[in-house]
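In the working numbering, the protein residues as written are 43 to 122. Backbone N, C-alpha and C fix where the C-beta goes; we use that ideal spot for every residue, glycine too. The next block holds one structure in the form of structure tokens; read it before the comments.
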Amino acid sequence: RVLSSELYIDLQSLQLQPAHFPKQFADAIVTTQEKKQDIQVAAQEQETSRIQQMTRLANIKALAQKQTIDAEANASKIRL
């Protein structure tokens, strides 16, 4: 609307041309993207590891509870 009312331009479409950057700048952009991906992968790996450890802990607790119940059952049999 601003273009139409202030500059008397009615824009129908816009085509962006590819940008050509110096090699060092383009390489820095690529490196930045790679590092961002590395950070995302590391965060996912950390979350996966956390979930695996929580699952392992839950399994160990369940096994300990089962062993306690089995031991109490054996103790009851011996008392009889």
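Check, Outcome
"Three-way DSSP call (helix, strand, coil) for Ala61 in this model", "coil"
"C-alpha gap between Arg121 and Gln86, whole angstroms", "53 Å"
"Three-way DSSP call (helix, strand, coil) for Asp52 in this model", "coil"
"Straight-line Cα distance separating Arg98 from Leu58", "53 Å"
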